[in-house]
Amino acid sequence: MTDSSTSSKFSHTNPKTKFTPFTLNTPSGRGVTGIEFVPGSAKSTTEDIKPLIVALHGATCFSGYWDLDEEHTASLAASALGLPFVAIDRPGYVGTDSVDLDGSTYQLATARWIQDEILPELWQKYGVPNGCSAVCLMCHSLGCCVGITIASLHARAITKAQYPLAGLIISGVGSRLRRSASVVENPAELDINILPPVLQRDLSEQVPLMLGDPELELYNKAISSSLASQAGSMTREELHGGIMFMVTEAGIPFVESVQCSVLYSLAEHDHAGYCTQEEARNYAGMFKNSRRVDWSLVRNAPHAIEWSRAGKGWYFHCMGWALEVTADYVIRQQQ
1 MTDSSTSSKF SHTNPKTKFT PFTLNTPSGR GVTGIEFVPG SAKSTTEDIK
51 PLIVALHGAT CFSGYWDLDE EHTASLAASA LGLPFVAIDR PGYVGTDSVD
101 LDGSTYQLAT ARWIQDEILP ELWQKYGVPN GCSAVCLMCH SLGCCVGITI
151 ASLHARAITK AQYPLAGLII SGVGSRLRRS ASVVENPAEL DINILPPVLQ
201 RDLSEQVPLM LGDPELELYN KAISSSLASQ AGSMTREELH GGIMFMVTEA
251 GIPFVESVQC SVLYSLAEHD HAGYCTQEEA RNYAGMFKNS RRVDWSLVRN
301 APHAIEWSRA GKGWYFHCMG WALEVTADYV IRQQQ
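Quick note: the sequence shown, position 2, residue 2 per the UniProt record's numbering, numbers continuous.
What follows is the structure, given as structure tokens:
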């Protein structure tokens, strides 16, 4: 497991949470932690169209990203729409074991474990018993690089995949990064050896990166007290691998081989990247083999859309979209 000093940096901040912590043991003996919310209306096993939402947080955060407080939580939309929502702590975060990279990138190594063991276990634990039709992944920031890789691996193993995948939701990722997010002027030239083994992000860095310029008033300042628990650390392998995935050709084969439907949004005031309609359109256009691609530039929203004033609408948009593409998935399977 990850060490207790790492785990102690994270704490859940929503005093009125509807989520429940869970632990999961995978076939290889490695453990996973996270939070889950299954509204009463989702527990029916009838043949209604119903996606299981599985969420992957970004770097330095943890599963509580999706349940910051009573106003900024996935449970509002999940409850209204009757959808099970499961958020894992990605490998190396909180109580989820790390993975041996063995010469691979962080993104590929973690995606393989999630694809081969974690998602099949989540599907059996939350998808099948609740009559779900398919999985939809919801990913943020560097978690998107992992999510895209998972969707790519799933497409390549479609005939023997152990869970159905209908959609991939990604935000906070793009093909061009600002220096503030990538350490050096030209991100493609970033040398992993100049980075410390572990990169710690403090609150003074986290707030402007995640929420933008305070003068823009993109978020309710009352949430600031909840953000310290989401300012953790990440390994240099995760940062370097994620940057290379986005700004070099390393990620292109994975993006282009995704076959499930994709919802991609870029926030207008994302401090990590360059945020224009053209940037959003170009990145969405890279998903050449996806069943369906929807994209947008979310106006007056920061990197962490879920924590902003646009957050509630974003959650409902994502889960409504997940219902749409899951219906499409189910109909195709029946034809």
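Each residue gets a CB set at the ideal place from its N, CA and C atoms; glycine is no exception.
Query	Result
Those residues which DSSP pairs with P21 across a bridge	I35
Boundaries of the beta strand (DSSP E) in which residue 378 is found, first to last residue	Residue coverage of the chain in this structure runs from 1 to 335, which leaves residue 378 outside it and unanswerable.
Coarse secondary structure for residue 336, derived from DSSP in three states	The question about residue 336 has no answer, for the chain in this structure spans 1 to 335.
Whole-number beta carbon distance between Q230 and G64, since they are thought to touch under 8 angstroms	7 angstroms
Local Cβ density within 10 Å of P214, reported as buried at 16 or more and exposed below that	exposed
CB-CB length for K125 against L83, believed under 8 angstroms	Actually they are not in contact, since the Cβ atoms of K125 and L83 sit about 15 angstroms apart, beyond 8 angstroms.
Straight-line Cα distance separating I194 from V38	44 angstroms
Beta-carbon spacing of V86, L137 below 8 angstroms	no
Residue environment, S5, which counts as buried when at least 16 other CB atoms sit within 10 Å	Residue placement at S5 is flagged as unreliable, the pLDDT there being 36, under the threshold of 50; a coordinate-derived value is accordingly withheld.
Spatial distance of A161 from T23 (CA atoms)	23 angstroms
Residue range of the beta strand (DSSP E) that includes W295	293 to 302
Inter-residue Cα distance where the pair is D67 and L76	10 angstroms
Within 8 angstroms, strictly: CB atoms of A301 and E268	yes
Alpha-carbon spacing of A327 relative to P120, whole angstroms	21 angstroms
L68: first and last residue of the uninterrupted alpha helix (DSSP H) it sits in	It is not in any alpha helix (DSSP H) - L68 carries neither H nor E in the DSSP assignment.
Three-pair Cβ contact test at 8 angstroms for the region 277 to 294 versus the region 195 to 206	no
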